[in-house]
Structures are given as C-alpha cells and as structure tokens.
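**Student:** I'd like to ask some things about the structure below.
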Amino acid sequence: MNSLAMVVSFGMLASLNASSLDNAADNALGEMGLKRSTAQFDKSISDFYRNGLFRSPFYEACFSDVWRTPYLLEVTQEELTFANQQPHKTISLASRLTDSGVRRDLLGDPAGIAAQNTTDKNSFRVALERMKQRGLITTDIPPTDSIPLEVQSAAAVVLQVMMDSEPYREAAFAEVQEMSDTFKRAITTDPDVANPVMERRSRREIENMDLAPLYAGAQDIAAAVQVATTRVTTLEGGSFMWRLTTALGDIVLSSGSDNMYVDQKILLCIDLSGKDTYINCPTNQTVNQWLSVVIDRSGDDKYLSSSGFEGKTVAEATTRKAQRGLPGPGSATMGYTFLIDMEGNDLYRSARSSFGSATFGVAFMRDSGGDDIYDVYGESLGYGKFGIGILEDVEGKDIYTGFTQCQGIGMPGGVGLLIDQSGDDTYLADDTVIDFPSAQSAEHNVSMAQGAGYGRRMDYVDGRSIAGGIGMLIDTRGNDSYTCGVFGQGTGYWMGVGVLTDKDGNDKYTGQWYVQGAAAHFGIGYLQDRAGKDEYTAYMNMAQGAGHDFSVGYLIDESGDDLYLGTSLSLGAGNANGIGIFFDLDGADTYTAKGNDCFGRARANTDGSLRSKAFSLGFFYDGGGRDTYPAGYDWIDNAKRSVGYATKNDRPEDSALGIFYDR
C-alpha cells in the first residue's frame, strides 16, 4: 500500500469509528431530549472555575466538544502510527498538539540535503573540519582510516545537521537570562510552591522561552539520526575504536568490544556490536552540552543511572529518592537526546529522569527489537514537561515498571508518548512500595502513569495554576497487562489530557482510583480498547468512564466478550459537574459493580452557586451481545433504556442526569 493510500485508509477508519460512536450517542442522548451539541460543558459557567496558564490547543479542542474527542484522538493516533520509525514526523505531530507546532518536512526531508552531501569518503573529515573552524574541536583530528565508510557517513550527517540546527536551539532560549540557573532549576523535581516570588520568576522563564524553534531543530536532527541509523543497519561491525573530544562531548565510533560508557559527555556514539553498558548517557549533563546521540547496532545492552542497578531493581535501591530528577540516560534538558537501540534483549533501568524524558527539550528513543526490561522511578518512559519525550518500542515482549509520572505522561506544556508496536507487554506502576501516597488513599501511590496528563493546581496557593499536557500510551498488538495505583490508564488532571489506546489483544487493566478513562478538575481521561476479550478491574472510586469537576472521562471498548468489575462512580459516571462516558460497542459482556452511582448515573449538583445549573452526565451504552448484569441495580438490563435525574432544572443541559442504554 502506498503512502497516500495509507493516509486515506487511516482517515476512513477514524471516520467510520467516530461515526458509529456518534450514532450511538445520538440515540442514547435522545432518550433525555439531548443532542451531542447540547450535552456539553457550559463554558459560561466552567470558565469561572477553569484557570490555567499554557493550555494546549488540543486540550481546548477536546474540552469545547467532548463528543468529538474520539475522532480527534483516533486521527492523531493513526498519524502517529503512520509515522512509525520516522522520528522527525513523530516529533512534528507531537509539537502540533501544543501551541508550538512545527512541520519541517512540509516541503521535503529536513535532512535531505545533508544526506546527499555526506556520502563520499571525505564527508566525515569535512564535518570535523567544520567543527574545528567553529572552535568545537581544539586538538588534531586523529586518522579515520580504520572506520568503515558507512559509519563515517552516518556520523557526518548527524554532525552537519547538528551544526545547521544550532541556531534553532539558540533562538529557543535567546531571551532566557541565566541559562545555567534555569538548567539547575529544570532538574529539580520539587520547586518551592510556598514561595510566590520564585513561582513568578519560574513562570517568567517559561514565558521567555520559544519552544517552536527548539522543535524545529529537533526534527532536523531526528531526520539525520534516522539517515545515520539506516546507513549502519546491515553493516557487519569488524573491530575498531575511534574517539575525539569536542566542546559538546565526545564522538565515539566503535565495534567489536563490550564497552562501558560511564557518566561520559557523549555528543555522538555509534557502537556496532558488543554487550555495552551506558551509564547516564545519552543525556544533557550541562546546559552547554545540548545534543547527545547514541546509536547502538546490536548486542544485549544495559542503560543505567548507576552501576549498582545492573543487578538491583529500582524498588530495591535505597538511593532511588536521591537520584530523582537528575539527568539520566535518554533524558533531555534544554536540548536534545536521541537513543536508538537496533536489536538485543536490553535492560533500561534508572532512578533518574530517563528514556524519552524531556524538560524544555526533546528526547527521542527507539528500541527496534528484543524482549526488553524498562525499570524506572519517575519522569521517564515518554515524559514531557514544556518539551517532548517519546519512547518507541518496535517489537518484543517487554516489561515496563515505574513509580510515578511515567509510561506516557504530559506535564505542563509538554507531550509524553509511549508507543509499543507489538508483543505481549506488561505495564506496571508500582503500588506496593508506597513512596508517593495519594490524597485519595495513603495506602496507594499516585501513579500518574500509563497515559496521563497532569497539570499544576495552584488555585489554593497563589491562583496561578498551570494546565497539564498531553500524555499517551499506544499499544498496537499483543495480550497486554496494565496495573497502577491512583491516577492511571487514561487519566487527566487540571486541564491535562491522558490517553491509553490498545489496538488488539486480550488485555487486563487493574487500578484503584481515577483509572481506566477517568479525570478530575477540568481534565480529560480516555481509554480505548479496539479488540480482544478484555478484563477491567477498578477497586476504589472514579473509574471506567468517569468525570469529576468539569472533567470528561471516556472508556470505549469496541469488541470482544469483556469482563468489568466497577466501583462507586464508574461505568459512565458524572460527579461535581463532570461527564463520564462509557461505550461497549459489541460482545457478550459481564458486568459487576461495588457501590452506587454507576452504570450511567450522575451525582446531584451543589446548590448555592453557579454549579447548581452546570451540566453533569453519567452515560452508559452497550451496543450488542447478550450481557450479564449484577442484581441490585433496577435501571439496568439487556435491551433496557433508562434515564434519571440527580438534579433536575428547567432544561436537561442545565441538569445532572444519567442515561443507561443497552441496545
């Protein structure tokens, strides 16, 4: 299938899926005299409460029309799928979810000219001489005769595009006065929220940044890294070691040995073979070391934040809290990192920010094959904070573990993506070792993982809240398992958008509170499972299509004989002027619930304020199959349709109400 045909087919698929949801929604909403156009948040009321700086346009689009959210997300995710193994396209798509969208490939490959100019035998030395002229190399350039020409040309294209892209990075931070101080604050995970003066200074720093040119440079370098990766894909390594120190870090070209790279400032490393160990690289260790690239051709490799993690999990490490927030392997701070591992059963373990983690930067990593282990603490595995963090895993039976803010998390101003293309994968946000006790239940961690958008709530401090970003976990194929504590599996908080999409396989979802398509405080939480016999278990509250406080939570299961264990405020539930939407479109499903206000129910509005006439909805729709429902809920059954008011005002769109619709 050619590219145009693929684009058309993706668009048709998204339209067909959205159309079926639209028809189902219209039929069910009609039972209460509503339409998709009227069953919406009333912004004349919600905007009195919805306060947040740096809102993303994608969030605003979803919030302004909650029933269009599935279409917007399906198209976005299909575009991300189409961009597979084209990192500059993935970064471009991520940037366009923010207010700093850039399309560097609109008129062609952004690294195309550099690729054409770096194919001859002198191209590497030409690039090095250019660096020397700029003062980036101050020593003699060692002989390059031992290096295969393919490796030389791969290094040359990255270095040439790096120099061409430097002005974009400079432009992004041109108005930042003290970059070193900003860098130090960027790697601090716990800012002093009690000091309004420091808060104002921090916001001014962010306002002075221009992330659009930063994303432009990232796309150019990403395209060059992909060219370099292609050039060494089929190369047999041989044996050589070449190293040169530059002002931006070392250039290392190697093959034939098991290498150790320990806390080294790496500008570019191309390693063709061997079981290698990388400790805290690639990363931006200082504000001036703004680019770090590692391309590892083969071998069972280890990427760690300390040597002690080779035989010890993050949960077992007593130093994990002390390492949190520091630049780790695969993290970017005020710059760029690219980590490409082409094959092998690899170990990725870090208590630092790692593996597609970006703060005021862009971090991209891709593992192309092997059964891999990802074990982190926080701020990792697709994490973006005023930046773009991306982790792609192409194939393999992978294990992802972490504690908090990981596995596809969008912090303020950021986009975090975890995209796994195939394999029976395990996603675990640790809820046994309690390092981050939640306000909802101190016995469980705040996971904020597995597709989460997290904003910074400050209405009770200085009134200057910051809207959350966009976090997505997309798993394309495999029988997968997802486990978390509080906030996870498609969850949004304070104008954040969190998305978990599983496209195929018999999957299991387990969580506690605000999970499986749930959101709080103006957020958007979205879980979509497209195929398979799936199991959903939520033990505590607010789950499986639940919205709280002008938020919307979606759970959409498109097919399969599924099993649901719900709880209070689940399976299509609205609370405190929230909207909870549940769709199961096909299959003979089994439902169980513990608690009230579930199966298409909303709680009453609060009297004595504008909220008394703000819309709230609990929406449940089952579209096919002979289902099994629990006893004790007299409004639910096969082929039954029922509606109910929790608060009835003059119009349904000013009320709190619930709809149950079994087709």
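Start counting the sequence shown at 11; every next residue gets the next number (my numbering). Ideal placement from N, C-alpha and C gives every residue a C-beta, glycine not left out. Given the structure is predicted, the values throughout are model-derived calculations rather than measurements.
Could you check if Pro153 is buried or exposed, using at least 16 other CB atoms within 10 Å of its CB as the buried criterion?
**Tutor:** Burial call: exposed.
**Student:** Distance, Cα to Cα, Gly392 vs Thr91?
**Tutor:** Their Cα atoms are separated by approximately 16 Å.
**Student:** Within its chain, find whatever has a CB closer than 7 Å to the CB of Gln499; leave out the 5 residues flanking it on each side and keep chain order.
**Tutor:** So the list reads Gln460, Gly461, Tyr492, Leu510, Tyr519, Gly521, Val525, Gln526, Leu537, once near-sequence residues are dropped.
**Student:** On the three-state DSSP scale, how would you describe Glu405?
**Tutor:** In the structure shown, Glu405 sits in coil (DSSP, three-state: anything other than H, G, I, E or B).
**Student:** Determine the direct distance from the alpha carbon of Gly634 to that of Ser475, and round the result to whole angstroms.
**Tutor:** Rounded to whole angstroms, Ser475 to Gly634 spans 43 Å at the Cα level.
**Student:** List the endpoints of the continuous alpha helix (DSSP H) containing Lys312.
**Tutor:** No alpha helix (DSSP H) holds Lys312; the beta strand (DSSP E) holding it covers 312-314.
**Student:** Taking only beta-carbon atoms, is Gln554 less than 7 Å away from chain B?
**Tutor:** In the structure shown, chain B does not exist; there is a single protein chain.
**Student:** The beta strand (DSSP E) with Gly668 in it runs from where to where?
**Tutor:** Taken as a continuous stretch (DSSP letters only), the beta strand (DSSP E) holding Gly668 covers 666-672.
**Student:** Go through its chain and collect everything with a Cβ distance to Met375's Cβ below 6 Å, but skip five positions before and after it.
**Tutor:** Excluding positions up to five away in sequence, the list reads Gly340, Leu349, Phe365, Gly366, Leu401.
**Student:** Taking the straight line between their C-alpha atoms, what separation do you get for Gly249 and Glu405?
**Tutor:** Per the sequence shown, residue 249 should be read as Ser rather than Gly. Approximately 28 Å, taken between the alpha carbons.
**Student:** Quick one: what's Lys518 bridged to in DSSP?
**Tutor:** Lys518 is bridged to Ser491, Glu545.
**Student:** Quick check: what's the CA-CA separation for Ser105 versus Ala624?
**Tutor:** For Ser105 and Ala624, the distance between alpha carbons rounds to 33 Å.
**Student:** Comparing alpha-carbon positions, which option in Arg241, Arg144, Thr293, Asp281 lies nearest Gln274?
**Tutor:** Closest option to Gln274, Cα to Cα, is Thr293.
**Student:** The beta strand (DSSP E) that contains Phe193, what's its start and end?
**Tutor:** Per DSSP, Phe193 belongs to no beta strand (DSSP E); it is in the alpha helix (DSSP H), 189-196.
**Student:** Specify the secondary structure class of Met676 as computed by DSSP and reduced to three states.
**Tutor:** Residue coverage of the chain in this structure runs from 11 to 673, which leaves residue 676 outside it and unanswerable.
**Student:** According to DSSP, simplified to helix, strand and coil, what is Leu224?
**Tutor:** If DSSP states are grouped into helix, strand and coil, Leu224 belongs with the helices.
**Student:** Which of the three DSSP states is assigned to Lys513 in this structure?
**Tutor:** DSSP places Lys513 in coil when its eight states are reduced to three.
**Student:** At 4 residues or longer, and completely inside the region 304-343: list those alpha helix (DSSP H) runs for me, N to C.
**Tutor:** Entirely contained in the region 304-343, the alpha helix (DSSP H) runs reaching 4 residues are, in chain order, 330-333.
**Student:** When the distance is taken between beta carbons, is Lys543 closer than 7 Å to Gly570?
**Tutor:** Yes. Within cutoff.
**Student:** On a Cα-Cα basis, can you pick out the residue from Ala598, Lys513, Arg214, Val136 that is closest to Asn489?
**Tutor:** Minimum Cα distance to Asn489 is reached at Lys513.
**Student:** Going by CA-CA distance only, name the one from Asp174, Gly111, Val76, Tyr643 that's closest to Gly397.
**Tutor:** Closest by alpha carbon: Gly111.
**Student:** What residues are listed by DSSP as bridge partners for Val207?
**Tutor:** Val207 is not bridged to any residue.
**Student:** Within 10 angstroms of its Cβ, does Tyr178 collect 16 or more other Cβ (buried), or is it exposed?
**Tutor:** Buried, because 16 or more other Cβ atoms sit within 10 Å of the Cβ of Tyr178.
**Student:** List the endpoints of the continuous alpha helix (DSSP H) containing Ile55.
**Tutor:** Residues 53-56.
**Student:** What residues in its chain sit with their C-beta under 6 Å from that of Ser156, if we drop five residues either side in the sequence?
**Tutor:** Phe250.
**Student:** Could you tell me whether the Cβ atoms of Tyr671 and Tyr631 are closer together than 7 Å?
**Tutor:** Closer than 7 Å, so yes.
**Student:** Consult DSSP for Met550 and reduce its assignment to one of helix, strand or coil.
**Tutor:** Here Met550 sits in strand by DSSP.
**Student:** Per DSSP, Trp504 forms a beta bridge with which residues?
**Tutor:** Partner(s): none; Trp504 has no beta bridge.
**Student:** Is Pro67 buried or exposed, if buried means 16 or more other CB atoms sit within 10 Å of its CB?
**Tutor:** Exposed.
**Student:** Do Gly478 and Met458 have their beta-carbon atoms positioned less than 7 Å apart in this structure?
**Tutor:** Cβ distance not < 7 Å, so Met458 and Gly478 don't count as in contact.
**Student:** Grab the span of the alpha helix (DSSP H) containing Lys142 for me, first residue to last.
**Tutor:** Segment 133-143, the alpha helix (DSSP H) holding Lys142.
**Student:** Using three-state DSSP, classify Asp32 as helix, strand or coil.
**Tutor:** Three-state result, Asp32: helix.
**Student:** Within its chain, find whatever has a CB closer than 6 Å to the CB of Val272; leave out the 5 residues flanking it on each side and keep chain order.
**Tutor:** Excluding positions up to five away in sequence, the list reads Ile289.
**Student:** To the nearest angstrom, how far is the alpha carbon of Asp202 from that of Met219?
**Tutor:** Per-residue confidence for Asp202 stands at a pLDDT of 49, beneath the threshold of 50, marking its modelled position as unreliable; the derived number appears in the next sentence. Spanning the two alpha carbons is a distance of roughly 21 Å.
**Student:** With DSSP collapsed to three states, give me the class of Val297.
**Tutor:** Coil at Val297, not helix or strand.
**Student:** What are the residues that DSSP puts in a beta bridge with Ile400?
**Tutor:** Its beta-bridge partners are Phe374, Leu427.
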